[in-house]
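K.L.:
Quick note, the sequences are listed as chains X and Z, same order. For the first sequence, the positions run -17 to 348 when my numbering is used. For the second sequence, the positions run -17 to 348 when my numbering is used. For each residue, glycine too, the CB sits at the ideal point set by N, CA and C.
There are 2 protein chains.
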Amino acid sequence: MAQRGLDALLICTEPEVRYFTGFHTLFWLSPTRPWFVIIPRAGKPVAVIPSIGRSSMAETWIDDIRTWSSPAPEDDGVTLLVETLREIAGRSAGSIGVPMGPETHVRMPAGDFDQLRRDLTGHDFVDATDIVSKLRMIKSEAEIAKVAYICSVVSDAFEGLPQLVSVGDTERQAFAKFRIDILQRGADDVPYLVGSTGLGGFDDIIKTPTDRTIGEGDILLFDTGSVHDGYFSDFDRNFAFGHADDSAKRAYETVWQSTEAGFAAAVPGATTTDVWKAMADVLDAGGSLGNSVGRMGHGLGMQVTEWPSNTATDNTVIEPGMVLTLEPGLTWAPGRMMVHEENIVVREDGAHYLSRRAAPELPIIT
Amino acid sequence: MAQRGLDALLICTEPEVRYFTGFHTLFWLSPTRPWFVIIPRAGKPVAVIPSIGRSSMAETWIDDIRTWSSPAPEDDGVTLLVETLREIAGRSAGSIGVPMGPETHVRMPAGDFDQLRRDLTGHDFVDATDIVSKLRMIKSEAEIAKVAYICSVVSDAFEGLPQLVSVGDTERQAFAKFRIDILQRGADDVPYLVGSTGLGGFDDIIKTPTDRTIGEGDILLFDTGSVHDGYFSDFDRNFAFGHADDSAKRAYETVWQSTEAGFAAAVPGATTTDVWKAMADVLDAGGSLGNSVGRMGHGLGMQVTEWPSNTATDNTVIEPGMVLTLEPGLTWAPGRMMVHEENIVVREDGAHYLSRRAAPELPIIT
């Protein structure tokens, strides 16, 4: 903040507030109330929050907690926030950082954010995405342990899936069984579970379940972001029922080999673009018709996806402590998509798997 | 939109996009990619979305789907969105509505939203919260049936809770058992489960579980927003273990009676403020020391909380088809809070319960 000349950093989303304060509640699911934390250039953060959160916030390391009774549509914390920002960033001028760049949003009514900037017209509001993303991209050992734990739980669940899901289940039943199984194995929650089933394959990898019945010759994809103590895993697995044709098997092996290449490339000093290229080269050689995902992996931690992205242009330098997904995907025939995903942590000596490595050949459930 | 002089309505959050298109995916949990739908004054909505969503969006009633490869931090859909808005709202001038008021946020980087408004400098951007909220507040029979179903599932789970949770469980274990039980009874998901335990009571009703062990004399609160086919229930229940003192029992009976008063007041033509006052009067007579929740119930549907709010100043006129929660809460002793919640639908003849009515006396698990 000093380097950037910032007098205050204003944050207002769940992961940002939790990262800096430890405030952890599902209450954010309600869109009604805005929540704010102001980080001064020196000293502890100040919380400006609805009174319903005072008790929970008081259990964190934050001492200075200012509250108002929310919801209050006519002034939902704006006046209190303006006053607190004047106190911290300067009464009539100052530089206030707000994450306003890629993968962020401002979680308050846009009309209120405009009002805030009008009320503090002498202050500069500058994008501070990089300050937050650079901190969050490098995980502590405590953070890595949480991701490792949930990856282990979900790896166990995927290994047990052939005994859990069978031909004759509807998608809805299969999703429900798998979600419950992950919870029974010790996950706190399974907020993200998408997937597809289709005879010979599918072209949609972000679906919620339907009443479609799984049949012989289907391929099943499950992709889950499960949670332990506020930290996510995010990886997928593919299975065939009864049999699979050679082109599907080849597609599976291509994305598996692509993951190997990405894993080898994910060393400190390399970039996310190097990792992307290592994976893309294998997919191209394997006859990829492209893919619609837009990237081949991303950061992982308090959110199911975080900075950086493995893309052709991202160019983020990989550092020890980064937790990443490797997620090569290809369209192997028109309307047929195959995506693999693994979770890794980067150490001084290179990448280590957090998810238990997928089988090298397409598993067939018989 | 015609009355308001709007040429286009721009929406970008999960419930809004799902409401107008039927696009339903958990992929929104990833903060990386923005998604847009533009509703013209006449004709069908137009989707401006990342290519990863084309296949799912094509299964909805939307025909005009424009995509870009995301993530693309340098231009994450802004150029495509500007061009599409010019086409729909007018090339050089027009009025574009965006929900920018209470309980909304703009789910795209704030820097990109500012850029959008600069690029369309001849256009007016006006708050359109009321257009969306007025539509969404009145539920169709199909929507009511979804909420009714999940309320029934969760009512069953709460009735079974005394056989499920016992003294000696940690909070973490109790939460896990209850979450799994609701899923086994048929919920699609339990995204919202908060609560508290404490000897004789507690003052925090939005907590995630800790390793605290439940003991004799504890009171337990569970408040869950569970989901069926994209629609939420949202109600809570309180239980005591072994015994409870008279003041806790009286507090329970006070919020129970307060709910009765709110139920009777929730008739077409009355206002949310009438409902609030009916409940508040009972709490005041019962010796309430106030509460920090800020309201006593709210709308319910695609989100765990929606407009309107039962507050002293909300004054929304209640209409048939509204689905609401009644949520009286009081502080009955310093550091001791008691909150009840039920879900209702308003019909021509008054309120009907969707949740199965709580017991009139504090249930004691022995």
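Any chance you could list the beta strand (DSSP E) runs of at least 3 consecutive residues sitting entirely within the region 34 to 70 of chain Z, in chain order?
P.N.:
Counting only runs of 3 or more, we get 47 to 50.
K.L.:
With distances taken between CB atoms, is the gap from residue 248/X to residue 257/X smaller than 8 Å?
P.N.:
For residue 248/X and residue 257/X, yes; Cβs fall inside 8 Å.
K.L.:
Measuring only the C-alpha atoms, how far is residue 212/Z from residue 284/Z?
P.N.:
Those two C-alpha atoms are separated by around 6 Å.
K.L.:
Take residue 76/X and list the residues in its own chain whose beta-carbon comes closer than 6 Å to its own, dropping the five residues that flank it on each side.
P.N.:
Within the same chain, residue 76/X has close Cβ partners -11, 105.
K.L.:
DSSP state of residue 347/X, grouped into three classes?
P.N.:
Strand.
K.L.:
Is the region 84 to 95 of chain X close to the region 112 to 125 of chain Z, with three or more CB pairs under 8 Å?
P.N.:
Output reads no: the region 112 to 125 of chain Z does not touch the region 84 to 95 of chain X.
K.L.:
Between residue 37/X and chain Z, is the shortest Cβ-Cβ distance under 8 Å, so that the two count as touching?
P.N.:
Taking Cβ atoms only, chain Z reaches closer than 8 Å to residue 37/X, which makes this a yes.
K.L.:
Can you list the beta strand (DSSP E) stretches of 3 or more residues lying completely in the region 140 to 228 of chain Z, in chain order?
P.N.:
Counting only runs of 3 or more, we get 171 to 181, 200 to 210, 217 to 223.
K.L.:
Given residue 243/Z, which residues of its chain have a CB within under 6 Å of its CB, disregarding the five upstream and five downstream residues?
P.N.:
The residues are 260, 261, 264.
K.L.:
Let me make sure I understand the geometry here. Which of 155/Z, 48/Z, 102/Z, 32/Z has the alpha-carbon closest to that of residue 191/Z?
P.N.:
Cα-wise, what sits closest to residue 191/Z is 155/Z.
K.L.:
Can we say the region 72 to 87 of chain Z touches the region 39 to 50 of chain Z, given the rule of at least three CB pairs closer than 8 Å?
P.N.:
Segments in contact, no.
K.L.:
For a contact defined as C-beta to C-beta under 9 Å, what are the partners of residue 278/Z on chain X?
P.N.:
None at all; the shortest Cβ gap to chain X is about 11 Å.
K.L.:
Short of 9 Å Cβ to Cβ, which residues in the region 83 to 98 of chain Z face chain X?
P.N.:
So the close ones are 83, 84, 85, 86, 87, 88, 89, 90, 91, 92, 93, 94, 95, 96.
K.L.:
Mind pulling the chain X residues with CB within less than 8 Å of residue 6/Z?
P.N.:
Going along chain X in sequence order, the residues near residue 6/Z (Cβ under 8 Å) are 190.
K.L.:
Is there at least one Cβ from chain Z nearer than 8 Å to residue 165/X's Cβ?
P.N.:
Yes, residue 165/X counts as interfacial toward chain Z.
K.L.:
Give me the Cα-Cα distance between residue 321/Z and residue 164/X, rounded to the nearest whole angstrom.
P.N.:
Each residue's alpha carbon lies about 31 Å from the other.
K.L.:
What residue from 180/Z, 343/Z, 23/Z, 214/Z has the CA that sits closest to residue 67/Z's CA?
P.N.:
Residue 23/Z is the option with its Cα nearest to residue 67/Z.
K.L.:
Closer than 8 Å is the cut-off here; do at least three beta carbon pairs connect the region 173 to 180 of chain Z with the region 141 to 160 of chain X?
P.N.:
The region 173 to 180 of chain Z is not in contact with the region 141 to 160 of chain X.
K.L.:
Would the region 308 to 319 of chain Z count as touching the region 226 to 233 of chain Z if we require 3 or more Cβ pairs under 8 Å?
P.N.:
Output reads yes: the region 226 to 233 of chain Z touches the region 308 to 319 of chain Z.
K.L.:
When the Cα atoms are used, what is the spatial distance from residue 346/Z to residue 201/Z?
P.N.:
One C-alpha to the other measures close to 9 Å.
K.L.:
Note down, in chain order, all residues in the region 291 to 313 of chain Z with a beta-carbon under 9 Å from any beta-carbon belonging to chain X.
P.N.:
Within the region 291 to 313 of chain Z, the residues whose Cβ lies closer than 9 Å to some Cβ of chain X are 291, 293, 295, 296, listed in chain order.
K.L.:
Under 8 Å between C-beta atoms, does residue 174/X make it to chain Z?
P.N.:
Yes, its Cβ sits closer than 8 Å to a Cβ of chain Z.
K.L.:
What did DSSP end up calling residue 122/Z once you bin it into helix, strand or coil?
P.N.:
Three-state DSSP puts residue 122/Z in coil, outside helix and strand.
K.L.:
Between the beta-carbon of residue 286/Z and the beta-carbon of residue 34/X, is there less than 8 Å?
P.N.:
It is not a contact, given that the beta carbons lie outside the stated cut-off.
K.L.:
For chain Z, check one thing: does any of its Cβ atoms lie closer than 8 Å to the Cβ of residue 161/X?
P.N.:
At least one chain Z Cβ lies under 8 Å of residue 161/X.
K.L.:
Along the beta strand (DSSP E) that carries residue 315/Z, what are the first and last residues, could you check?
P.N.:
311 to 315 is the span of the beta strand (DSSP E), which, as asked, contains residue 315/Z.
K.L.:
Give the straight-line distance between the Cα atoms of residue 395/Z and residue 83/Z, rounded to the nearest whole angstrom.
P.N.:
Since the first and last residues shown for chain Z are -17 and 348, residue 395/Z lies out of range.
K.L.:
Does residue 350/X have its Cβ less than 8 Å from a Cβ in chain Z?
P.N.:
Residue 350/X lies beyond the range of chain X shown here (-17 to 348); nothing can be said about it.
K.L.:
In chain Z, which residues lie less than 9 Å from residue 158/X when you measure between Cβ atoms?
P.N.:
Within chain Z, the residues near residue 158/X are 165, 166, 168, 169, 170.
K.L.:
Measuring alpha carbon to alpha carbon, tell me which residue in 20/X, 10/X, 299/X, 12/X is nearest residue 110/X.
P.N.:
Checking every option, the nearest Cα to that of residue 110/X belongs to 20/X.
K.L.:
Report yes if the CB atom of residue 208/Z is closer than 8 Å to the CB atom of residue 135/Z, and no otherwise.
P.N.:
Cβ distance < 8 Å, so residue 208/Z and residue 135/Z count as in contact.
K.L.:
Could you check which residue in 36/Z, 219/Z, 44/Z, 206/Z has the C-alpha nearest to that of residue 8/X?
P.N.:
Comparing Cα-Cα distances from residue 8/X to each of 36/Z, 219/Z, 44/Z, 206/Z, the minimum goes to 206/Z.
K.L.:
Output the distance between the C-alpha atoms of residue 241/X and residue 323/X, rounded to the nearest integer angstrom.
P.N.:
Rounded to whole angstroms, residue 241/X to residue 323/X spans 8 Å at the Cα level.
K.L.:
Output the boundary residues of the alpha helix (DSSP H) element that contains residue 95/Z.
P.N.:
Unbroken alpha helix (DSSP H) run through residue 95/Z: 92 to 101.
K.L.:
Does any CB atom of chain X fall closer than 8 Å to the CB of residue 285/Z?
P.N.:
Yes - at least one Cβ of chain X is within 8 Å of the one on residue 285/Z.
K.L.:
Along chain X, in chain order, which residues have C-beta atoms closer than 8 Å to that of residue 58/Z?
P.N.:
The answer, in chain order, is 84.
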